[in-house]
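Engineer: I have a structure here, written as structure tokens, and I will follow up with some questions on it.
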Amino acid sequence: MVVLVIVLALFFDFTNGFHDTANAMATPIATGALKPKAAVAIAASLNLVGAFLSTEVARTISGGLIKEGEGGIQITPVMIFAGLIGATLWNMVTWLLGLPSSSSHALFGGLIGAAIVGAGFGSVDFAVLMSKVVLPALLAPLTAGLVAYLATRLAYGISKKRQRNGYKHGQVFTSSLVSLAHGTNDAQKTMGVITLTLIAGGYQAAGSGPEFWVIAVCALAIALGTYTGGWRIIRTMGKGLTEIEPGQGFAAEASTAATILASSHLGFALSTTQVSSGSVIGTGIGRKGASVRWKTAGRIGIGWLITIPAAGLVGALAAVVALTGVVGVVIDTVVAVAVIAGIFLYSRRNRVDARNVHDEPTVLVRPKRSRKQRQAEAREAEAREADSREADSHDESTDNSKAADLA
Amino acid sequence: MIDWAAFFIVLVATLVSACLVVTLYSVGLRLIDGTRGWRRPAGIACFVLCGLVVLYGVYLVIPYFHR
Chain Y
2 MVVLVIVLAL FFDFTNGFHD TANAMATPIA TGALKPKAAV AIAASLNLVG AFLSTEVART
62 ISGGLIKEGE GGIQITPVMI FAGLIGATLW NMVTWLLGLP SSSSHALFGG LIGAAIVGAG
122 FGSVDFAVLM SKVVLPALLA PLTAGLVAYL ATRLAYGISK KRQRNGYKHG QVFTSSLVSL
182 AHGTNDAQKT MGVITLTLIA GGYQAAGSGP EFWVIAVCAL AIALGTYTGG WRIIRTMGKG
242 LTEIEPGQGF AAEASTAATI LASSHLGFAL STTQVSSGSV IGTGIGRKGA SVRWKTAGRI
302 GIGWLITIPA AGLVGALAAV VALTGVVGVV IDTVVAVAVI AGIFLYSRRN RVDARNVHDE
362 PTVLVRPKRS RKQRQAEARE AEAREADSRE ADSHDESTDN SKAADLA
Chain C
16 MIDWAAFFIV LVATLVSACL VVTLYSVGLR LIDGTRGWRR PAGIACFVLC GLVVLYGVYL
76 VIPYFHR
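As they're listed, the protein sequences go chains Y and C.
Positions 2 to 408 (the numbering used here) are the ones given, in order, by the first sequence.
Positions 16 to 82 (the numbering used here) are the ones given, in order, by the second sequence.
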């Protein structure tokens, strides 16, 4: 049982990694500051390093998760197992849809669902759930959006148009900072869960921190997931919400990094995913001439709203089956593996990877497309690009003439 | 229920730090583009200051430094 939970936890860590590549790397990839492959390689190595740098979050989380999900009731490895199934499957579904949703919320949701089945409704403190998870989820994008809006106005107010490509160099640093901050936070969750399981199974003394091998495998799993890259989500964040220029990318990442660092150091935890989505929207509002696709934003918002209930529902179902005994656990495992494999196979029909990450998604997911349609879309995209290049050079010449006038 | 004071502090800290980084980098970009003699060094100074703010971020990320 413990081995099964650890394997599942590591797979969750992997999905967490490829879900969250987009948070740091969607904007530099969208503006061309970094080549897609280089960007995910940087993100992966910084996540690997970040996971080793700090285990403080893991220590607090292995306690915090129980309290939030359960209110002091003893959690069993079977419940953790069911919760992880809920979280992992929901992560796979949102990845298939290209939705940036919070992996921590999926984890909370799954564990809450499993806890309700395993220990009843009284085991979940809904007031804590509101104040720790639901309200921050509303405040995170608002905060980051507001800051990114102001930062974008500043950047575009100060710099001149022909200088703005210089922001690309800055983007490399700000996005790396976001990656590092992510690494120090997110691998910790899985470490916390594995440590919790080891303690619950009696393999480790209560109250001790994560073992070195746990840190090492968690770091590797999240780095591998990050390197695999959730290209679908990167495309949604980088292209689906708004057009991003280097100046906006820099402003958005600076806001994301500032929000995450401030919130994690001043004791008001905010989700990385929601912060960076908020930043991208804020920067879209901040630049004149940029438009935000509110339809996509709305879809992402709905995704956030249903993450906890949906992961909770799957977690609860898994718990109902798993609590019947060994056979139930086996059934759970088989079903989960089948669903994950099915999603992978289904996703291959409409691959999104380093090569076509720059295509604009007209809808979030269009699984059934013939080759002809795809070719037609590629041609359209090329034509659009050529158009925008012309427009750019045109803008530049007018800008230069304005500068000449001023001089 | 919710700790509004903590949230307000986070909001202000975020605003100040993000705007500081963006302003410094933008002023740096603008100055380094100039032709006059004093502008380039001033621009580089802005980049260095901006880099220091980012390094402070790295310092905050790694708990080893400030335990």
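Cβ coordinates follow ideal geometry from the N, Cα and C atoms, glycine included.
Since the structure is predicted, the reported quantities are computational estimates derived from the model, not experimental observations.
If Y:I234 and Y:A23 are in contact, beta carbons under 8 Å, what's the gap, nearest whole angstrom?
Structural biologist: Within the first sequence, residue 234 of chain Y is the residue found at index 233, counting from 1. Within the first sequence, residue 23 of chain Y is the residue found at index 22, counting from 1. The Cβ separation is near 4 Å, so the contact holds.
Engineer: To the nearest whole angstrom, what separates the beta carbons of Y:T28 and Y:S176, a pair I think is in contact under 8 Å?
Structural biologist: Against the first sequence, residue 28 of chain Y aligns to sequence position 27. Against the first sequence, residue 176 of chain Y aligns to sequence position 175. Right, their Cβ atoms sit about 7 Å apart.
Engineer: Once you ignore the five residues that flank Y:G231 on each side, which residues in its own chain have a CB closer than 7 Å to its CB?
Structural biologist: Within the first sequence, numbered from 1, the residue matching residue 231 of chain Y stands at position 230. Counting only Cβ-Cβ distances below 7 Å, and skipping sequence neighbours, we find F19, H20, T22, A23, W96.
Engineer: Thinking C-beta only, is Y:A149 closer than 8 Å to Y:A252?
Structural biologist: Working through the first sequence from its first residue, we reach residue 252 of chain Y at position 251. Working through the first sequence from its first residue, we reach residue 149 of chain Y at position 148. In this structure, the beta-carbon distance from Y:A252 to Y:A149 falls below 8 Å.
Engineer: Between Y:G241 and Y:T273, what straight-line distance do the alpha-carbon atoms span, to the nearest angstrom?
Structural biologist: If you number the first sequence from 1, residue 241 of chain Y lands on position 240. If you number the first sequence from 1, residue 273 of chain Y lands on position 272. So the alpha carbons of these two residues sit roughly 19 Å apart.
Engineer: I need the straight-line Cα distance from C:P56 to Y:H106, nearest angstrom please.
Structural biologist: For the purposes of this step, residue 56 of chain C is taken as residue 41 along the second sequence, with counting starting at 1. For the purposes of this step, residue 106 of chain Y is taken as residue 105 along the first sequence, with counting starting at 1. Roughly 47 Å between the two C-alpha positions.
Engineer: With 16 other CB atoms within 10 Å as the buried threshold, where does Y:V331 fall?
Structural biologist: What you label residue 331 of chain Y is simply residue 330 of the first sequence in a count that begins at 1. Flag for Y:V331 reads exposed.
Engineer: Is Y:T260 buried or exposed, if buried means 16 or more other CB atoms sit within 10 Å of its CB?
Structural biologist: Against the first sequence, residue 260 of chain Y aligns to sequence position 259. Looking at its Cβ environment, which holds 16 or more other Cβ atoms inside 10 Å, Y:T260 is buried.
Engineer: Sorted by chain position, which residues of the same chain lie with C-beta nearer than 8 Å to C:L46's C-beta, five sequence neighbours on each side aside?
Structural biologist: Indexing the second sequence from 1 puts residue 46 of chain C at position 31. R54, R55, A57, G58, C61.
Engineer: According to DSSP, simplified to helix, strand and coil, what is Y:I245?
Structural biologist: The sequence position of residue 245 of chain Y within the first sequence is 244, counting from 1. Reduced to three states, the DSSP call for Y:I245 is coil.
Engineer: Determine, for C:I24, whether the minimum Cβ-Cβ distance to residues of chain Y falls below 8 Å.
Structural biologist: Walking along the second sequence from the start, residue 24 of chain C turns up at place 9. Yes, contact with chain Y.
Engineer: For a minimum of 4 consecutive residues, which ranges assigned as the alpha helix (DSSP H) are wholly contained in the stretch 237-321 of chain Y?
Structural biologist: Counting only runs that start and end inside the stretch 237-321 of chain Y, the alpha helix (DSSP H) elements of at least 4 residues fall at 247-266, 273-287.
Engineer: Put Y:I43 into one of helix, strand or coil per three-state DSSP.
Structural biologist: In the first sequence, residue 43 of chain Y corresponds to position 42, counting from 1. Three-state DSSP puts Y:I43 in a helix.
Engineer: If we ignore side chains and look at the alpha-carbon of each, how far apart do Y:R165 and Y:A182 end up?
Structural biologist: The residue you call residue 165 of chain Y lines up with position 164 of the first sequence. The residue you call residue 182 of chain Y lines up with position 181 of the first sequence. Straight-line Cα distance between these residues: approximately 26 Å.
Engineer: Just checking: is the beta-carbon of Y:T284 within a distance shorter than 8 Å of some beta-carbon in chain C?
Structural biologist: The sequence position of residue 284 of chain Y within the first sequence is 283, counting from 1. No, Y:T284 does not count as interfacial toward chain C.
Engineer: Could you tell me the alpha carbon to alpha carbon distance between Y:V4 and Y:V338, rounded to whole angstroms?
Structural biologist: In the first sequence, counting from the first residue as 1, residue 4 of chain Y sits at position 3. In the first sequence, counting from the first residue as 1, residue 338 of chain Y sits at position 337. Their Cα atoms are separated by approximately 16 Å.
Engineer: Below 7 Å between beta carbons is the criterion; list the residues of the stretch 35-69 of chain C that meet it against any residue of chain Y, in chain order.
Structural biologist: V36, V37, T38, Y40, S41, V42, L44, R45, D48, V69
Engineer: Out of Y:G146, Y:A188, Y:T229, state which residue places its alpha-carbon closest to the alpha-carbon of Y:A217.
Structural biologist: As a position in the first sequence, residue 217 of chain Y is number 216, starting the count at 1. Taking only the C-alpha atoms, the option nearest Y:A217 is Y:A188.
Engineer: According to DSSP, is Y:W91 part of a helix, a strand, or is it coil?
Structural biologist: Residue numbering aside, residue 91 of chain Y sits at position 90 when the first sequence is read from its first letter. If DSSP states are grouped into helix, strand and coil, Y:W91 belongs with the helices.
Engineer: Using DSSP with H/G/I as helix, E/B as strand and the rest coil, what is Y:G230?
Structural biologist: If you number the first sequence from 1, residue 230 of chain Y lands on position 229. Coil.
Engineer: Exposed or buried, what is Y:D333 when buried is set at 16 or more other beta-carbons lying within 10 Å of its beta-carbon?
Structural biologist: Taking the first residue of the first sequence as 1, we reach residue 333 of chain Y at position 332. Burial call: buried.
Engineer: Please classify Y:R288 as buried or exposed, where buried requires at least 16 other C-beta atoms within 10 Å of its C-beta.
Structural biologist: For the purposes of this step, residue 288 of chain Y is taken as residue 287 along the first sequence, with counting starting at 1. It counts as buried.
Engineer: Short check: CB of C:F23 to CB of Y:L140, under 8 Å?
Structural biologist: Reading the second sequence from its first residue, position 8 is the one you call residue 23 of chain C. Reading the first sequence from its first residue, position 139 is the one you call residue 140 of chain Y. Taking 8 Å as the Cβ cut-off, C:F23 and Y:L140 do not qualify as a contacting pair.
Engineer: If I measure Cβ to Cβ from Y:L136 and keep anything under 6 Å in the same chain, skipping five residues before and after, which residues do I get?
Structural biologist: As a first step, residue 136 of chain Y is located in the first sequence; it is residue number 135 there, counting from the start. Answer for Y:L136: no residue qualifies.
Engineer: Going by DSSP in three states, Y:R352 sits in which element: helix, strand or coil?
Structural biologist: Locating residue 352 of chain Y in the first sequence gives position 351, where the first residue counts as 1. Residue state, collapsed to three classes: coil.
Engineer: Can the beta-carbon of Y:S55 be found less than 8 Å from the beta-carbon of C:I77?
Structural biologist: Taking the first residue of the first sequence as position 1, residue 55 of chain Y is located at position 54. Taking the first residue of the second sequence as position 1, residue 77 of chain C is located at position 62. Yes, the pair counts as a contact, with Cβ atoms nearer than the cut-off.
Engineer: Does the beta-carbon of Y:R236 have 16 or more other beta-carbons within 10 angstroms, so that it is buried, or is it exposed?
Structural biologist: Here residue 236 of chain Y refers to the residue found at position 235 of the first sequence. Buried, because 16 or more other Cβ atoms sit within 10 Å of the Cβ of Y:R236.
Engineer: Are Y:I301 and Y:S278 touching if we call contact CB-CB under 8 Å?
Structural biologist: Within the first sequence, residue 301 of chain Y is the residue found at index 300, counting from 1. Within the first sequence, residue 278 of chain Y is the residue found at index 277, counting from 1. Yes, they are a contact pair.
Engineer: In chain C, which residues lie with their C-beta within 7 Å of the C-beta of Y:Q164?
Structural biologist: As a position in the first sequence, residue 164 of chain Y is number 163, starting the count at 1. What Y:Q164 touches in chain C: L44, R45, D48.
Engineer: What did DSSP end up calling Y:D187 once you bin it into helix, strand or coil?
Structural biologist: Position 186 of the first sequence, counted from the first residue, corresponds to residue 187 of chain Y. Residue state, collapsed to three classes: helix.
Engineer: Using a Cβ-Cβ cut-off of 8 Å, state whether Y:G299 counts as contacting chain C.
Structural biologist: The residue labelled residue 299 of chain Y in the question sits at position 298 within the first sequence. No, Y:G299 does not count as interfacial toward chain C.
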